[in-house]
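The block underneath contains the structure these notes are about, expressed in structure tokens.
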Amino acid sequence: MRANPAQISIFVVAAIFLLVIFGRIANEKNYVPGSLVNGFSTALGRQTTQSFMQTSERLWAKTVKERGELRNVIYGQSDVGLFPAQTEQTLAAYPFTIWDMVPASYNCPFEVERVGRMGEGGKWVCGMSRYEKAKSPVVLYSMGIQNDTSFEQQMMARTNAELWAYDLTIVDIAPFIHPAFRPRVHYQQFGISGTTNPHNVPPYFSILDLMAQNGHDYIDILKIDVEYAEFQALSSFELATRQPGMEFPIGQIIIEIHLFHGDGTTVNGPLFLDWWASFEARGMRPTWAEPNLLTVTMKSEDEMPRLAKYSWINVLDTRGKLWKNS
């Protein structure tokens, strides 16, 4: 059957439309890295822990390579900011946020479980069952609590964890801890910083100095939510423990990252990515990520999604309870 003139006109218009669309796509900035174009397919399946971790390491390394390629493109000439896609035009040019550059790309070799309440307070733990089976006490540090101890209390209810907790805002943690757990809790109203200042009111301490006070050279789990102070505190700790032959002495870090103004400075994209990479170099791998959208919903700061929670595990660790029952 021959097409009538109206059908022919429709086909011609459709063809022109497709040519225009594909032409625009071809001319837009292309951020698809070569590793994706020539990528590989990996099925995790049922493997030994060692082979599972080897696969996870390859998956993580792939995202690190992609991050480097993207960083060279977007931050090579100028700083486009943490959240450059704020209009349709900028989305076409920069289809990402800073959080897309640090995905949780390493698969936890055990289960990942939320411990604590839903919403604010609860945390995602890699390998909770491993801590439950631990014979020696789990050394748990919690920095930044306010009045929510749902994570800490569930950890103590389900494991033999002993808790060292610090917060600027509460004088006594006892009202927020079940009486059965209080003998295993050590609390001080301290702030967390990169340097120790015991004369401040309240005092500020570095992570390393707190460990020394407690007689510790290793932490099984560090939960840290200290409103931007995480950058100085963890950078100072990482630098102090960067010695020949010395492992990074934390098994798992559960952190809330705050990308807003603090201490008179602002974290930009390149600085944040360098900070993140310094912990990857020590063996920390991101196994979980959860956005915290309260700055958006509460219309605080500039209403940008500047908060995110991550769980990191130390894959170069030889002392951690994730890797041995002790």
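Residue numbers (this note's numbering): 1 to 326.
For glycine and all other residues, C-beta sits at the position ideal for the given N, C-alpha and C.
Residue i - partner residues in DSSP beta bridges
| i | result |
| --- | --- |
| HIS258 | LEU307 |
| PRO286 | TRP312 |
| LEU59 | Per DSSP, none; premise fails for LEU59. |
| ASN292 | LEU307 |
| GLU113 | VAL125 |
| LYS223 | SER142 and ILE254 |
| HIS186 | TRP164 |
Proximity to residue i [Cα-Cα], best of the options
| i | options | result |
| --- | --- | --- |
| ASP274 | GLU227, ASN107 and PHE231 | PHE231 |
| LEU140 | VAL64, ASP148, LYS133 and THR159 | THR159 |
| GLU280 | ASN268, TYR204 and TYR106 | TYR106 |
| LYS324 | LYS135, PHE52, VAL73 and ALA92 | LYS135 |
| GLN344 | LEU163, GLY122, LEU168 and GLY119 | Only positions 1 to 326 of the chain appear in the structure, and residue 344 is not among them; the question remains open. |
| PHE52 | ALA165, VAL73 and PHE110 | PHE110 |
| ALA308 | THR266, LEU222 and TRP99 | TRP99 |
| VAL267 | GLN47, VAL80 and ALA61 | VAL80 |
| LEU239 | SER206, HIS216, THR90 and PHE260 | SER206 |
| MET156 | ALA174, GLU132 and GLN146 | GLU132 |
| ARG67 | ILE145, ALA104 and GLN47 | ALA104 |
| THR300 | PHE260, GLY215 and GLY194 | Position check: residue 300 holds Ser in this sequence, whereas Thr was assumed. Considering only alpha carbons, the answer is PHE260. |
| TRP124 | ILE313, GLU69, THR318 and LEU293 | ILE313 |
| PHE237 | ASN147, PRO175 and MET211 | MET211 |
| ILE173 | MET304, VAL112, ILE145 and PHE151 | ILE145 |
| ARG327 | THR90, ALA92 and THR97 | As shown, the chain starts at 1 and ends at 326. That puts residue 327 outside it, with no answer to give. |
| ASP220 | ARG319, PHE151 and ALA92 | ARG319 |
| GLN252 | MET304, SER311, TYR228 and THR295 | SER311 |
| GLU290 | LEU91, ALA92, GLU120 and GLU88 | GLU120 |
| ASN214 | GLN89, ALA229, TYR187 and PHE151 | TYR187 |
| VAL112 | SER78, MET101 and SER129 | SER129 |
| PRO364 | VAL171, LYS65 and PHE272 | This structure cannot settle anything about residue 364, because the visible part of the chain is limited to 1 through 326. |
| THR63 | GLU303, ALA277 and LEU293 | ALA277 |
| GLY122 | MET304, ASN292 and GLU303 | ASN292 |
| ARG114 | MET304, ALA92 and SER150 | SER150 |
Integer-rounded CB distance, given that residue j should sit under 8 Å from residue i
| i | j | result |
| --- | --- | --- |
| CYS108 | THR287 | 4 Å |
| ALA85 | TYR94 | 5 Å |
| LEU322 | GLY127 | 5 Å |
| LEU316 | GLY283 | 3 Å |
| VAL138 | ALA161 | 4 Å |
| ASP209 | THR196 | 5 Å |
| LEU118 | ILE192 | First, the residue type needs correcting, since residue 118 is Met and not Leu in the sequence shown. Rounded, the Cβ-Cβ distance is 26 Å, inconsistent with contact. |
| GLN153 | ILE177 | 7 Å |
Cutoff 8 Å: residue i Cβ touching any chain B Cβ
| i | result |
| --- | --- |
| THR159 | Judged by its chain identifiers, the structure shown contains no chain B, having just a single protein chain. |
Worksheet item: Contact between the stretch 237-257 and the stretch 172-186: three or more CB pairs below 8 Å?
Response: Cβ pair count under 8 Å is below three, so no.
Item to complete: Give, in chain order, every unbroken run of the beta strand (DSSP E) that is at least 3 residues long and sits entirely within the stretch 190-214.
Response: As far as the stretch 190-214 is concerned, it has no whole beta strand (DSSP E) run of at least 3 residues.
Worksheet item: So does the stretch 50-69 actually touch the stretch 236-246, counting three or more Cβ pairs closer than 8 Å?
Response: Output reads no: the stretch 236-246 does not touch the stretch 50-69.
Discussion item. Check whether the stretch 253-260 and the stretch 214-230 touch, using three or more Cβ-Cβ pairs below 8 Å as the test.
Written reply: With a cut-off of 8 Å on Cβ pairs, the stretch 253-260 is in contact with the stretch 214-230, counting three or more such pairs.
Practice prompt. Please list the segments of the alpha helix (DSSP H) lying wholly inside the stretch 125-184, counting only runs of 4 or more residues, in order along the chain.
Written response: Within the stretch 125-184, the complete alpha helix (DSSP H) runs of at least 4 residues are 128-132 and 150-158.
Discussion item. Extract the residue ranges of the alpha helix (DSSP H) inside the stretch 53-109, only unbroken runs of 4 or more that lie entirely within it.
Written reply: DSSP assignment within the stretch 53-109 yields the following whole alpha helix (DSSP H) runs of 4 residues or more, N-terminal first: 88-93.
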